[in-house]
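Participant: The structure under discussion is supplied below as structure tokens; questions concerning it will follow.
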Amino acid sequence: MTTETLATPQRAAFDPYAPAPQTAAVHFLYRLNPLAKLAGPLPAMVLLVFVRDLATPVAFLALAYVLLLVGARLTWRTAALLFLGIPLAVAVLGFSLSLWTDASRVDHSVVVLQAGDWVLYGQALAVGFGTALRLAAILALSLIPGLTTTGPDLVRSLIQQLRVPYRIGYTAMAAFRFVPRFRHELDVIRAAHRVRGAHGGRGPFAVLARGFGYVVPLLAGAIRHAERVALAMDARAFGAYPTRTERYPVPFRGRDAVFIGMLWLVSAVLFALWFPWSPA
Numbered sequence: 000m001t002t003e004t005l006a007t008p009q010r011a012a013f014d015p016y017a018p019a020p021q022t023a024a025v026h027f028l029y030r031l032n033p034l035a036k037l038a039g040p041l042p043a044m045v046l047l048v049f050v051r052d053l054a055t056p057v058a059f060l061a062l063a064y065v066l067l068l069v070g071a072r073l074t075w076r077t078a079a080l081l082f083l084g085i086p087l088a089v090a091v092l093g094f095s096l097s098l099w100t101d102a103s104r105v106d107h108s109v110v111v112l113q114a115g116d117w118v119l120y121g122q123a124l125a126v127g128f129g130t131a132l133r134l135a136a137i138l139a140l141s142l143i144p145g146l147t148t149t150g151p152d153l154v155r156s157l158i159q160q161l162r163v164p165y166r167i168g169y170t171a172m173a174a175f176r177f178v179p180r181f182r183h184e185l186d187v188i189r190a191a192h193r194v195r196g197a198h199g200g201r202g203p204f205a206v207l208a209r210g211f212g213y214v215v216p217l218l219a220g221a222i223r224h225a226e227r228v229a230l231a232m233d234a235r236a237f238g239a240y241p242t243r244t245e246r247y248p249v250p251f252r253g254r255d256a257v258f259i260g261m262l263w264l265v266s267a268v269l270f271a272l273w274f275p276w277s278p279a
């Protein structure tokens, strides 16, 4: 296991020529089809838009935490986001939203805090934290495919399972490959400016001026790279035929259907528990 593999947990899990994520045999989310990881949490995310209680988002948030802890390899930064960042954001956002709740709509509830003429009601806290918990649950559910799926695997799955035209899919993949290349070229441009002494001083205006100085070389590099990609695609007769032979398959297997069915079942059960108590 190389240092690069340990430092880069997101790999093309279905590519036989690329290193799989560390302990991929243990972390099952990497071995699921990308579309299954998108379709599974989707009903729960839609349901969370409409619920108004506290128990439903807490349940979905706990479900997302369990799936990520068991099925994904979390770096220390991701773990800090899950266990420190999200709870802190829920606390700050929930309390802030409760302060903006119309007091005339919640004045029938118990008084939690009072300072002079200002009163904070318990129902206002429930509304504020309910909204914050819904947003946190949607974010946590979106991390299930986001942390365990790569762009190339998702594009190949869209082409193979949903029959997206490969001309569109692989054009999007080429654009996706531009991102790390731009990052590398930006590092090279910054190093060249430092060598030539073109720092431009310090402060916000100097940073802004340096940013404008990076635009032209980055644009020139993007044009050169796009031209090379276009020539390479023309040389390989890309788009000349209605279908394309895939380098490797991204299969949709029984485990993917089971994963989708289980998440949909959990969403249906939680909706059934919430719906009778839904306010009119």
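Residue numbering for the sequence shown is 0 to 279, as defined by numbering that gives the first Met the number 0.
Glycine is no exception: its CB is placed at the ideal position from the N, C-alpha and C atoms.
Bear in mind that the values here come from a model prediction, so they are computed numbers and not experimental data.
1. Spatial neighbours of alanine 125 within its chain, please: C-beta separation below 7 Å, excluding the five flanking residues on both sides.
2. Let me know the secondary structure DSSP gives tyrosine 240 once reduced to three states.
3. Enumerate in chain order the residues of its own chain whose CB-to-CB distance from threonine 77 is below 7 Å, with the five nearest sequence positions on each side excluded.
4. For the alpha helix (DSSP H) that contains phenylalanine 59, what are its first and last residues?
5. Distance, Cα to Cα, glycine 168 vs tryptophan 263?
6. Taking Cβ to Cβ, would you say alanine 43 is nearer than 8 Å to phenylalanine 59?
7. If you measure from the CB of methionine 232, is any heavy atom of the ligand NAD nearer than 7 Å?
8. Round the Cβ separation of phenylalanine 258 and leucine 46 to the nearest angstrom and send it over; I've been treating them as touching at under 8 Å.
9. Could you tell me the distance, in whole angstroms, from the CA atom of threonine 244 to the CA atom of glutamine 159?
10. Does proline 151 pass the burial test, meaning 16 or more other C-beta atoms within 10 Å, or should it be called exposed?
11. Can you grab the Cα-Cα spacing for the pair threonine 22 / alanine 221, in whole Å?
12. Taking the beta carbon of glycine 127 as the centre, do at least 16 other beta carbons fall within 10 Å, making it buried, or is it exposed?
13. Check whether the Cβ atoms of proline 248 and asparagine 32 sit closer than 8 Å, and answer yes or no.
Facilitator: Judging by the given coordinates:
1. Leu53
2. coil
3. Leu146
4. 54 to 70
5. 28 Å
6. yes
7. The ligand NAD is not among the ligands present in this structure, which contains no ligands whatsoever.
8. So it is not a contact: roughly 18 Å between Cβ atoms.
9. 11 Å
10. buried
11. Note on threonine 22: pLDDT 42, under 50, position unreliable in the model; the coordinate value appears next. In a straight line, the C-alpha of threonine 22 is about 36 Å away from that of alanine 221.
12. buried
13. no
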